[in-house]
Structure formats: structure tokens, C-alpha cells
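S.K.: Okay, handing you the structure first.
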Amino acid sequence: MTSRRNFVKLSALGSLFSFNAFSTFGKNTPILPSKEPVVISTWNHGIMANKKAWEILSAGGTALDAVEKGVMEVENDPTGASVGIGGRPDREGRVTLDACIMDEKSRCGSVGFLQDIKNPVAVARKIMEETPHIMLVGEGAKQFALEQGFKEENLLTQESEKAWKEWLKESKYKPVINVENHDTIGMLALDSNGNLSGSCTTSGAAYKLHGRLGDSPIIGSGLFVDNEIGAACATGLGEAVIRVAGSHLVVELMRQGHEPEEACKLAVDRIISKHENMEGLQVGFLALRKDGKYGGYSVYNGFNYAVANKQINNELVDTKFDRSW
Ligand code: SD4
């Protein structure tokens, strides 16, 4: 790693010449932007999402289209218990969805507490492209979605309702976020123009309080993209991610010269340092840098992600972690 003295020297150089900070900050050798497409996304369902995203990227499509259409595959899958239709409801039995999207121009859109519309990521994109705003929530977000032609539908599947009724018997709120729960999908992509985009979509923590928002719709927490540097997304206990503005932190750590995996690890360390009680506190970060290098890291074991590029045909990778369950 770069010594502090070198870092200060290089930072000073970086501010003297106001070119792309990424090419010098914290590094002895410049890192060149890549135009080799790559997509990474969280958990096992990342495979399904990457398949669609890779179709788009490998045909020369944009990272923005890839990250939207990719995660919609998971939103549309009724067997997924944490995203889109079939997502676990809150403690009142209502499915409320959160999502956001961000592109290479730092344009972003976000939707929170959206009900009865199964593709919140597409609603987030419409907010980004069709309104002067970034975030819409609740009734207003639903009204906007309906005006944009989205269909109203019941998102509580029979299976999800059954699981919720089972939960009601004890009604104990205990966030358990691990690989079995097939959680939130966050996706980061780099396209053949060298542009980065990201998306994040979820039904949030199962059996949450009605009205709760997690990190996933919050730009800088669940997702952040800076086309000069890289992109990051988060999964896990949203309250912990928000506390440290997790995805923004990961991108800023890459700006300082940390490798993607190392940036994710340092963000995990930050989360750990801010919590006395680590019980149930699983958080995982993914990072994709402008040069196509990527990595991830999690608080506990069990977090994985899917990667697709020209060399890797959509494979799952387990991240390193700080501690075991
Ligand atoms: C939330 N971060 O609402 C989401 C849930 C999640 O893996 O990512 N689970 O807190």
C-alpha cells in the first residue's frame, strides 16, 4: 500500500492538475479505464440477473440498460423472497419495495415504500429520466408509476403470505440476512464505452415496521457510482449501511487508491467499529472500479456474488469476511 508520504505527495499532484483523480490518487502507477464490459451482482440470484445484463453488455449496450434489465429478472421472479413480486412483506402483511439506479453522469433515481408495482428499479429509472427529482416514496411514487403505465398488481404470493402468518405466531423481529435468504440484489456494470452504472432493489428486511426504509433506495448507502472512480453497492442490514453511508465510503476509499476488495473490507471495518452488538449484523459490499477490477467483502461468512465478463462465464464467488456465524 502507498505510504502516507507518497499519498500526500500524490494527492498534492492530483490537486495541482485537475484531471481525472483516479489516474493518480493514492497510486504509484496510473490505473487505466477499461472498455472491457463486466457485470457483478449480489447473491445466487445474481446469476439470473447477470445473464440478462451480459446479453446487453456483450451486444454493446449501455451499463444503465444492463443494470436495470438485469435486476428486473429477479424482481419478476415470484420465488425470490426478498425482491419484487414474492418479496417478504412487512409485519402488517404489506409488500413494500425500495430501489435505486445511478449512471455514469451521476444521474440517479430512487423509489421507496412502493406498493403494488413489481418493478421498482424501472420506476426509479423513470423518476431519474422523467422528473426533476431523485426520490419518490409511498402513495406519490405509486401514483407516478401508474401514470407512467406501470401495472398495479398484488405482490404478496401465497407462499409469502403463508410464511408471514407463520411469523405472526411469535412476531419476533430478528433480522437474519444470509445466503439462504437470497437477499437484495445490487448490480454494478461497466460497458464497452467504459461507463459505469449501478442498481439496487429489494423488499427490505422481512417483517419490518410498516413504513421502514432501508439503505437500498438511498443513494450513497445502498448504491453509489462515480464514473471517474468506480461503483459500489451494499446488501445486508440497511440500518448498519446507512450509518456509515456505506457505498459512498467504498467508492471514496477506491479514490484514495485502495483496491476494490480492500475498499469493501475497510467499509466493513468501519461498520464493525460503529456497533457494539454485532448479532444479526450481516453486511456485504461489492465494488467495481473504472479499470474493470472488482471485489467484495462481508461482515460474516455466507455472502457471495456473480461475475460475468469475457473471461468468466457468469460464476459465483464467495467473498472474504471478518467473522463466522
Ligand atoms: C435493507 N439492505 O432493506 C436491505 C436488505 C438487504 O440483504 O440487503 N438484505 O436493509
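If you're matching positions, the sequence shown starts at 398 in this note's numbering and goes up one per residue. The beta carbon of each residue, even a glycine, is placed where N, CA and C say it ideally should be. Only a predicted model underlies this, so the values are computations on that prediction, with no experimental measurement involved.
Here's the rule I'm using: 16 or more other beta-carbon atoms within 10 Å means buried, otherwise exposed. How should I709 be labelled?
M.R.: The residue you call residue 709 lines up with position 312 of the sequence shown. Exposed, because fewer than 16 other Cβ atoms sit within 10 Å of the Cβ of I709.
S.K.: Pull up the DSSP beta-bridge partners for E712, would you.
M.R.: Here residue 712 refers to the residue found at position 315 when the sequence shown is read from its first residue. V704.
S.K.: Let me confirm a value: I574 is counted as buried when at least 16 other C-beta atoms fall within 10 Å, else exposed. Which label applies?
M.R.: Against the sequence shown, residue 574 aligns to sequence position 177. With a pLDDT of only 48 at I574, under 50, the local geometry of the prediction cannot be trusted, and the value read off the model is given with reservation. Buried, because 16 or more other Cβ atoms sit within 10 Å of the Cβ of I574.
S.K.: Within 10 angstroms of its Cβ, does A478 collect 16 or more other Cβ (buried), or is it exposed?
M.R.: As a first step, residue 478 must be located in the sequence shown, where it is residue number 81. Per the 10 Å Cβ criterion, buried.
S.K.: Using a Cβ-Cβ cutoff of less than 6 Å, which residues in the same chain neighbour A705 once the five nearest sequence positions on both sides are dropped?
M.R.: Along the sequence shown, read from residue 1 onward, the residue named residue 705 stands at position 308. The answer, listed in chain order, is V436, N447, W451 and N711.
S.K.: Rounded to whole angstroms, what is the Cα-Cα separation between D719 and S695?
M.R.: To locate residue 719, count along the sequence shown from 1; it is residue 322. To locate residue 695, count along the sequence shown from 1; it is residue 298. Taking the straight line joining both Cα atoms gives about 7 Å.
S.K.: Considering only heavy atoms of the ligand SD4, does any lie closer than 7 Å to the CB of D715?
M.R.: Residue 715 sits at position 318 when you count from the first residue of the sequence shown. Result no, Cβ not under 7 Å from the ligand SD4.
S.K.: Looking at the unbroken alpha helix (DSSP H) that takes in M651, where does it start and where does it end?
M.R.: Indexing the sequence shown from 1 puts residue 651 at position 254. Here the alpha helix (DSSP H) through M651 covers G643 to R652.
S.K.: Kindly examine the ligand SD4 and report whether one of its heavy atoms sits closer than 7 Å to the Cβ of L634.
M.R.: In the sequence shown, residue 634 corresponds to position 237, counting from 1. Yes.
S.K.: Apart from the five residues just before and just after D500, which ones in its own chain have a Cβ nearer than 6 Å to its Cβ?
M.R.: As a position in the sequence shown, residue 500 is number 103, starting the count at 1. L461 and S594, listed in sequence order.
S.K.: Kindly list the residues whose CB is nearer than 6 Å to the CB of R686, restricted to its own chain and excluding five residues on each side of it in sequence; keep chain order.
M.R.: Position 289 of the sequence shown, counting from 1, holds the residue named residue 686. So the qualifying residues of the chain are G627, M651 and P657.
S.K.: Is the beta carbon of G617 closer than 8 Å to that of H645?
M.R.: Here residue 645 is taken as the residue at index 248 of the sequence shown, counted from 1. Here residue 617 is taken as the residue at index 220 of the sequence shown, counted from 1. Yes, they are a contact pair.
S.K.: Just to confirm the assignment: which complete beta strand (DSSP E) runs, minimum length 3, are found wholly within the region 503–534?
M.R.: 505–511 and 532–534
S.K.: Assuming D495 contacts P614 (C-beta within less than 8 Å), just tell me the rounded distance between them.
M.R.: One-based indexing of the sequence shown puts residue 495 at position 98. One-based indexing of the sequence shown puts residue 614 at position 217. About 4 Å separates the two Cβ atoms, so the contact holds.
S.K.: Roughly how many angstroms lie between the CA atoms of L565 and A660, to the nearest whole one?
M.R.: As a first step, residue 565 is located in the sequence shown; it is residue number 168 there, counting from the start. As a first step, residue 660 is located in the sequence shown; it is residue number 263 there, counting from the start. Taking the straight line from one Cα to the other gives about 40 Å.
S.K.: Using a 10 Å radius around the Cβ and a threshold of 16 neighbouring Cβ atoms, would you call P529 buried or exposed?
M.R.: Here the question's residue 529 lines up with position 132 in the sequence shown. Classification for P529: exposed.
S.K.: Between the alpha carbons of A684 and R491, how many angstroms are there, rounded?
M.R.: In the sequence shown, counting from the first residue as 1, residue 684 sits at position 287. In the sequence shown, counting from the first residue as 1, residue 491 sits at position 94. Rounded to whole angstroms, A684 and R491 show a C-alpha spacing of 32 Å.
S.K.: Taking the beta strand (DSSP E) that K717 belongs to, which residues open and close that run?
M.R.: One-based indexing of the sequence shown puts residue 717 at position 320. Start and end: K717 to R720.
S.K.: Going by other Cβ atoms of all chains shown within 10 Å of its Cβ, with 16 needed for buried, is G457 buried or exposed?
M.R.: For the purposes of this step, residue 457 is taken as the residue at position 60 of the sequence shown. With a threshold of 16 other beta carbon atoms within 10 Å, G457 falls short and is exposed.
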